[in-house]
Every structure is written in C-alpha cells, then in structure tokens.
Amino acid sequence: MEAALNDVIVIGGGFAGIAAACRLAGDDHRPLLLERSPRLGGRAGSFFSPDRDESLDYGQHVLMRCCTASTGFLLRIGASRAVRFQPTLSIPIVWPKGRTVLRSSPMPGVLHLAPSLLRYRPLSLRDRIRAVRAGSSMSLRRIRADVPFAEWLEERGQSGRSIERLWDPICVASLNAPARAVGARAAQKVFRDAFFRPDGADVGFFTVPLAEVFDAARRYIEGRGGAVRTSATVEKLAIDRAGVRGVELSTGVTIEPEAVVSAVPPADLARLVPGDGPLAPLLAKASRLRWAPIVDVHAWFDRPVLEDEFAVAVDSPIQAVFDVARLHGRARSEGPAHLVLSQSAAEGWIDRPVDEVSELLLSALGDLFPRVREAESLGTLVLRHRRATFVPGPGSERLRPRAVTPIPGLYLAGDWTSTGWPSTIEGAIRSGIVAAAHAEGRLTSEDGGWEEKRTARRSGSASTTG
Numbered sequence: 001m002e003a004a005l006n007d008v009i010v011i012g013g014g015f016a017g018i019a020a021a022c023r024l025a026g027d028d029h030r031p032l033l034l035e036r037s038p039r040l041g042g043r044a045g046s047f048f049s050p051d052r053d054e055s056l057d058y059g060q061h062v063l064m065r066c067c068t069a070s071t072g073f074l075l076r077i078g079a080s081r082a083v084r085f086q087p088t089l090s091i092p093i094v095w096p097k098g099r100t101v102l103r104s105s106p107m108p109g110v111l112h113l114a115p116s117l118l119r120y121r122p123l124s125l126r127d128r129i130r131a132v133r134a135g136s137s138m139s140l141r142r143i144r145a146d147v148p149f150a151e152w153l154e155e156r157g158q159s160g161r162s163i164e165r166l167w168d169p170i171c172v173a174s175l176n177a178p179a180r181a182v183g184a185r186a187a188q189k190v191f192r193d194a195f196f197r198p199d200g201a202d203v204g205f206f207t208v209p210l211a212e213v214f215d216a217a218r219r220y221i222e223g224r225g226g227a228v229r230t231s232a233t234v235e236k237l238a239i240d241r242a243g244v245r246g247v248e249l250s251t252g253v254t255i256e257p258e259a260v261v262s263a264v265p266p267a268d269l270a271r272l273v274p275g276d277g278p279l280a281p282l283l284a285k286a287s288r289l290r291w292a293p294i295v296d297v298h299a300w301f302d303r304p305v306l307e308d309e310f311a312v313a314v315d316s317p318i319q320a321v322f323d324v325a326r327l328h329g330r331a332r333s334e335g336p337a338h339l340v341l342s343q344s345a346a347e348g349w350i351d352r353p354v355d356e357v358s359e360l361l362l363s364a365l366g367d368l369f370p371r372v373r374e375a376e377s378l379g380t381l382v383l384r385h386r387r388a389t390f391v392p393g394p395g396s397e398r399l400r401p402r403a404v405t406p407i408p409g410l411y412l413a414g415d416w417t418s419t420g421w422p423s424t425i426e427g428a429i430r431s432g433i434v435a436a437a438h439a440e441g442r443l444t445s446e447d448g449g450w451e452e453k454r455t456a457r458r459s460g461s462a463s464t465t466g
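Start counting the sequence shown at 1; every next residue gets the next number (the numbering used here).
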C-alpha cells in the first residue's frame, strides 16, 4: 500500500486527463497522472516513425477560434505557438470540376458567410438562397426538438444536394457523422458557436506534432510538484461505502489518493469498478453512445502537389486533405510533400485492406489535384481509429454523465462526458478542467483543509509501505 504523496490521481493521459492534471498542478496541488501506454495523448497521440525519421500524429486535428479552453490550456503550458490560426475563416472547397472558397466577410453575425454562400458554386442559386435562410433560422432560434439534423434541414427547404454538398461536409468534419446521424441540437451548437460567429470558425492548425504539446504539458506538471507515469496500467479502483479509497496498479501496488479523476473511455472505466456498483446505471447509459471511426492516410510525394495548406472535398471519396509539411513549416518549394487524407465517419473505409484504401484515395486525390498524377509517390501509411469519437445523435446528451459521480472522491472527465461540446479536443479539455475543479473542492472541504494536509506532507508525515 502506498500513501500517495500526490493529492489526486488522474487516470488516462489523453487531452482530458492532461488538462485535469495541469489544472491541479497550476493550482498548487500535486497530481499523479497515470497512462497505460508508453506515451501521452490517448486517441490524439503521436508516434515516432523510424522509416520517416519524424513524429506522426495518429489523427489530423485542428481547433477553431471558438475553442477557448484549448487555447487557454496551450497558453498555460507554454505551448501557444503550437497552433496557428487563420486571420479569418477561409476554407478551400474542391471537387473534380472546380474550386471555390468558403470565407468570412465583414458583414455582422451570421451574415458574415452570406456573400460566400451566395457564390457557392456546388449548389444552384436557389439552394444557396435557401441555405442562407436556414442558417439564419438556426442562428436566431433555439432548436427544441432533438430530431436528426437532416430532418430539420429538409423541413426548411434544404434539398438532398444541399445537404450532401454543404451541410454534410461540415457535420462530418466537426461531428464525425453526416447530418442524418447527428442531432439537430448538436449541429446547432457547432454552427452557432463557430460558423455563425464572424471569427468563431477560424481554423487553427497545429504547427508541431502533438507529442510536443504533451511533452510541454508533462514539463508543466512535473515542474510544479506533480508526477506523470506512462506504461502504468490501473487494474481497479478500491471503493467502499465512504468512497474511492485506492487505485490498484497492475504491479500489485495500491496508491491511496484523496481524490481520483477518471479520464478514460466508458468501456475502460467499466473494467475498473464493480459491475453492480454505484456507477452501473451511469455506465449502462454511456454504453448506448454510438462511436464512429476515422481513417487517416499519410501520403508522401517527391514534390508539392496542393495549392492550399488544406482543402475540403465534395463529390469525391476524399473528405479533407492537409499539407502537413507546410503546416509544420517543413515544406520546400521543390518538395518533398507530406499530406494527410482524413476520412471521418469512415464506416465504409475502416475494414478495407490498407492497400485498397491507399489506392482508392490516391486515385481520387489525383482527380482533385492534377499535380498528384505528375508527382512520384514516396509511400503511404494508413492509420485506423475504430472508436475515434462518439456520435452526438438525437438524445445522446442524456447518455453523457456529469463530472461528479455517486462515489465520493471519484470524478469523471473525457470528451464523452457532459460538457455541452461534441467529441473534440475542446470538449476533452473542458471536461478535464471541470473534473479537476470538483476534485479541488473535495480537497479543500475535507477536515483539516488542504493547506494543513499540504504542510503535513512537506514536513515528511507522508509515508510509503510495501
């Protein structure tokens, strides 16, 4: 048994757990972050590729300017330069027969997109006008019935072509599901907070592999008295009537903290607690969340092949493509180029052989960007994420638990918890901050108070036993 020198144990080293640990460390607590894999990051992690002599992200992630918790987190850990935001919203839209740009204008409110939508060539003029009207309705009125977003759009005159060529690309990119699968309220959240605000959807690109962000977070935690352990597997939580009493590791050691933040997916949490315990109803609800896959294809070429840093495709098997070498400041005018083709809502791709995925997507890439056919391919790497994010379908908010649990001292974080945000980096970071705040409340409200306990620890009263 180990009487923890750390106030709070945080289980899970993804964005949610890291944000919780950083909040605690920044508030002069001493968290212990436990991550079972050899590296931090969870589903948003990175790995080093010896073949490429560089770190590669498992997924291609972006922020939007409305992601204020994310930018605050990066500022806290000294990594604000890891993201570069567009000066104003500008999204290149490509299809086999053309290209346009969805961009912001100086007009106020939701109208800032109206000029661009009225020139949106993938749609007829009639559909463009109706799209502006639907956007205005969504920005002005709260959607009360949580029906499928496609149903809400159809009721407001959106044609199948409009949904496929305008609304779906945005839903798939931000919610990992098409309009027919997401709830109207979840979609409204994205459009209201991001796209219908003049600066809300400005895209923020990571300029470094995410491993560098996690390294900065680790330095922040450890520099303030906290600790981070990777390759540390939690076997179970010791729970009694009074609350969570300990965290048992696979090594047989049990650590006794004063509070625990669980920042792991619901299926992993279910393995740590008794199946018939107080969390059973909560976990039963969470098990009804539907998860969707993402497939990313890293592709290298001997020369630059894209006109833009990134682009979104319509009328193509490709959804979005990013010039990673350019985004990371490694591009040269003569090449080579490193692209990531990001396929969200990838149910149709997740089980295909990797060679087939590469062949089909590179062929489609050549249809969109003729330079691809002139360039020499230097190889591809297909990464598959079967449970990348949960799908915010109609009624899914009722399945997401809050941070405070029925077990005293145990708090939940993760993008699947009730944050009001979809399954994103922003949602994960917000959940970690909220869970950490509740843990801090427990520390300061217990008998003797946190300051007294901290003083006792520093005077050497804490002990460790085998």
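C-beta: ideal position from N, C-alpha, C; glycine also.
Beta-ladder partner(s) of residue i, from DSSP
i    : result
I468 : A question about residue 468 goes unanswered here, because the residues of the chain that appear run from 1 up to 466.
H298 : V340, L381
L102 : I91
D323 : L339
L249 : V234
G183 : P148
S49  : E54
F310 : F322
V83  : F206
L63  : G204
W291 : F390
V404 : Y411
Closer than 7 angstroms: residue i CB and nearest the ligand ATP heavy atom
i    : result
A131 : This structure lacks the ligand ATP; in fact it carries no ligand of any kind.
Local Cβ density within 10 Å of residue i, reported as buried at 16 or more and exposed below that
i    : result
M107 : exposed
A242 : exposed
P370 : exposed
T455 : Interpretation of T455 is limited by its pLDDT of 36, a score under 50 that renders its predicted location unreliable; no figure is taken from the coordinates.
E309 : buried
D202 : buried
F195 : buried
G98  : exposed
L118 : exposed
P122 : buried
P293 : buried
D53  : exposed
A267 : exposed
A217 : buried
Spatial distance of residue i from residue j (CA atoms)
i    : j    : result
S137 : H61  : 30 angstroms
G379 : H298 : 8 angstroms
L269 : A345 : 25 angstroms
R126 : V244 : 60 angstroms
A184 : V264 : 27 angstroms
L368 : P317 : 10 angstroms
V208 : H328 : 6 angstroms
R192 : S139 : 6 angstroms
A21  : H338 : 33 angstroms
A331 : D323 : 9 angstroms
G13  : I129 : 46 angstroms
H29  : E212 : 24 angstroms
P392 : A173 : 13 angstroms
N6   : L279 : 25 angstroms
S231 : V273 : 20 angstroms
D351 : R386 : 9 angstroms
E256 : S445 : 18 angstroms
G277 : R288 : 18 angstroms
A25  : P31  : 6 angstroms
D415 : A19  : 12 angstroms
V305 : V372 : 5 angstroms
E258 : D27  : 16 angstroms
V295 : G41  : 18 angstroms
G366 : L360 : 10 angstroms
V312 : R36  : 35 angstroms
S363 : S46  : 27 angstroms
S459 : G223 : Its pLDDT being 35, under 50, S459 is placed unreliably in this model, and the value from its coordinates should be taken loosely. Cα to Cα, the separation comes out at about 20 angstroms.
V261 : W300 : 40 angstroms
Neighbourhood of residue i by C-beta distance below 7 angstroms, restricted to the same chain and skipping five residues each side
i    : result
S70  : L63, I425, E426, I429
A114 : M107, V132
Q86  : D202, V203
Sequence-distant residues of its chain with Cβ nearer than 8 angstroms to residue i (five each side left out)
i    : result
A179 : P148, F149, A150, L153, I163, W167, D168, C171, A187
P474 : Residue 474 lies beyond the residue range present for the chain, which begins at 1 and ends at 466; the question has no answer from this structure.
S49  : S55, L56, L381
Own chain residues within Cβ distance below 6 angstroms of residue i, not counting five before or after
i    : result
S80  : L74
R303 : G335, A375
H112 : S104, S105, P198
P38  : T230, S231
S159 : D127
A403 : Y411, L412, V434, A435, H438
R398 : none
### Message
What ranges does the beta strand (DSSP E) occupy inside the segment 198-246, keeping only unbroken runs of at least 3 residues that lie completely in it?
### Response
203-206, 227-229, 234-240
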